[in-house]
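> Going line by line, the protein sequences match chains R and P.
For what it's worth, this note's numbering labels the leading residue of the first sequence as 11, then goes sequentially.
For what it's worth, this note's numbering labels the leading residue of the second sequence as 18, then goes sequentially.
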Amino acid sequence: MENREIKHPFWADEEKTKIICQFHYASGEVMEASVMDTDEGNPDWAEIIETFGIEGIDKSTEKYAKEQKKIRAQQNAETKERIETDEAGILFAAKLDAFEIAEVKASKDRTMKARIRKAANFMEVTVLTSILVMKEMDNGETKKTK
Amino acid sequence: MEKLRKPNNGFLYAASLEKKFLSGAKYSAISLKDYYPDAHITLFTIKEWVTDDLYDIFDNVIFEDVPNNKRAKLWALSRTPYDTTVYLDADTEIQHEDICLLFDQFKNDADIMITKIRPYSGKISEFRGGNLTDHCGVFVYKKNDRTMQFMEEWYDRYLKQDSGEWQWDTELYPEKLRPWDQWTYWWIQNKTNYAIKREFLDDDARWNFINTYREDETDKPIVVYHHTIRI
Chain R
11 MENREIKHPF
21 WADEEKTKII
31 CQFHYASGEV
41 MEASVMDTDE
51 GNPDWAEIIE
61 TFGIEGIDKS
71 TEKYAKEQKK
81 IRAQQNAETK
91 ERIETDEAGI
101 LFAAKLDAFE
111 IAEVKASKDR
121 TMKARIRKAA
131 NFMEVTVLTS
141 ILVMKEMDNG
151 ETKKTK
Chain P
18 MEKLRKPNNG
28 FLYAASLEKK
38 FLSGAKYSAI
48 SLKDYYPDAH
58 ITLFTIKEWV
68 TDDLYDIFDN
78 VIFEDVPNNK
88 RAKLWALSRT
98 PYDTTVYLDA
108 DTEIQHEDIC
118 LLFDQFKNDA
128 DIMITKIRPY
138 SGKISEFRGG
148 NLTDHCGVFV
158 YKKNDRTMQF
168 MEEWYDRYLK
178 QDSGEWQWDT
188 ELYPEKLRPW
198 DQWTYWWIQN
208 KTNYAIKREF
218 LDDDARWNFI
228 NTYREDETDK
238 PIVVYHHTIR
248 I
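#1: If Asp100 (chain P) sits next to Asn25 (chain P), beta carbons under 8 Å apart, how far is it from one beta carbon to the other, in whole angstroms?
#2: Answer yes or no: does any C-beta atom of chain R fall closer than 7 Å to that of Tyr72 (chain P)?
#3: Rounding to the nearest angstrom, what Cα-Cα distance links Met18 (chain P) and Asp76 (chain P) in this structure?
#4: Considering only DSSP beta bridges, list what Val103 (chain P) is partnered with.
#5: On the CB-based measure, 16 or more other CB atoms within 10 Å of its CB, does Arg82 (chain R) come out buried or exposed?
#6: Who are the near neighbours of Ala212 (chain P) in its chain, counting only those whose CB is closer than 6 Å to its CB and skipping five residues on each side?
#7: Can you name the start and end residues of the alpha helix (DSSP H) that Trp171 (chain P) belongs to?
#8: Give me whichever residues DSSP pairs with Lys17 (chain R) in a beta bridge.
#9: Within 7 Å of any Cβ in chain P, is that where the Cβ of Phe20 (chain R) sits?
#10: For Thr132 (chain P), write down the residues that DSSP places opposite it in a beta bridge.
#11: Using a beta-carbon distance below 7 Å, is Phe132 (chain R) in contact with chain C?
#12: Measure from the alpha carbon of Pro19 (chain R) to the alpha carbon of each residue in R:Val137, R:Ala43, R:Arg92, then state which is nearest.
#13: If I follow the unbroken alpha helix (DSSP H) through Leu91 (chain P), where does it start and stop?
#14: Listed from N- to C-terminal order along the chain, which residues in the region 40-56 of chain P have their beta-carbon within a distance smaller than 9 Å of any beta-carbon of chain R?
#15: Residues of chain R with CB closer than 7 Å to the CB of His244 (chain P), please, in chain order.
#16: Applying the criterion that 16 or more other CB atoms from any shown protein chain within 10 Å of the CB defines a buried residue, is Lys20 (chain P) buried or exposed?
#17: Could you say which of P:Ser138, P:Tyr175, P:His113 lies nearest to Glu91 (chain R) if we only look at CA atoms?
#18: Of all the options R:Trp55, R:Lys145, R:Phe33, which has the alpha carbon lying nearest to the alpha carbon of Glu113 (chain R)?
#19: Hey, is the region 89-104 of chain P in contact with the region 158-172 of chain P, meaning 3+ C-beta pairs nearer than 8 Å?
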């Protein structure tokens, strides 16, 4: 027997012909191993089956699958949140830029400004900002010609 | 005839370190003026960013000695020109006329009126040693000696926190609290003699509606919407 302990075995396939496990050596080294039985008989395979039993490996496989599912769900949620935050950040940055435009900044048209602030996407910000700028420029021209 | 003293109320923004915070403060202040044209607004920012157009939005721009660090906000709080100040983060937006009522919300001789953190919305709020309850993005405070001392301590302690000079029991208070000024605030309020009297604003969500809040947090119109995103 080697100076190592086998831990956390689980089935790597539905046919239960392959086991993934960890070999923990006395030196502290940990190796992940994929173990299959052979025609001659694989002593590692035999040791795992003897130590944990088929039912034991079934249970740890189920536990591993649940953990992986949880990790994947968390990763997906984090990715989704990051994408949403990035999109919201881009939209908000566009609104900040819109309000850096002199005509928008100085406009007294509270309704249009509120609409720009509430715009739900980049295109809406662009269109509403263009309308307000044109309106303010037009007002400016009207005032000049009066 | 004795001249009656006009209540000296105003709003305070701070923008430093990254120019996007200045854009944010301008954006927020324009929305404030839309809903409260008579609002007095002071901006604390760094000298290099001061341009004439800022005076179209802000009545008062303070730049002398303003530190160019991420918590210039805390430096500014004790230097407010107002007797009663509403502090607003640069990523807020005013959405309702009721903003002018914020100064009248003081109760029970409070020094500061603030809103509550929703644990479902914050990244960090609960830890072994306690839990953060107060959201420091929008609040109203009075200029009195103890509140000004509190604000000075808030800034001084934050600098020590940020530099690592202030170390704490990380079993009780996780290290991940280090970047947050809400943590500094919590510590001063709960663990020091600098604590000031705090009350929560009624129907607080409408005064600081964080973008991740559930819609049912308030059934009245939102007054201050808080984007809390990387601007």
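Heads up, the beta-carbon is just placed ideally off N, CA and C, and yes, glycines get one too.
From the atom records:
#1: Contact check for Asp100 (chain P) and Asn25 (chain P): beta-carbon distance about 4 Å, within the 8 Å limit, so the pair qualifies.
#2: no
#3: With a pLDDT of 43 at Met18 (chain P), under the threshold of 50, the modelled position of this residue cannot be trusted, and the question is left open.
#4: P:Phe28, P:Val157
#5: Exposed, because fewer than 16 other Cβ atoms sit within 10 Å of the Cβ of Arg82 (chain R).
#6: Gln206
#7: 162-180
#8: R:Gln32
#9: no
#10: P:His152
#11: The structure shown contains no chain C; the protein chains it does contain are R and P.
#12: R:Ala43
#13: 89-94
#14: Ser40, Gly41, Lys43, Tyr44, Ile47, Ser48, Asp51, Tyr52
#15: Phe102
#16: Any reading at Lys20 (chain P) must be qualified, since the residue scores a pLDDT of 47, below 50, and its modelled position is unreliable; no value is offered.
#17: P:Ser138
#18: Cα-wise, what sits closest to Glu113 (chain R) is R:Lys145.
#19: yes
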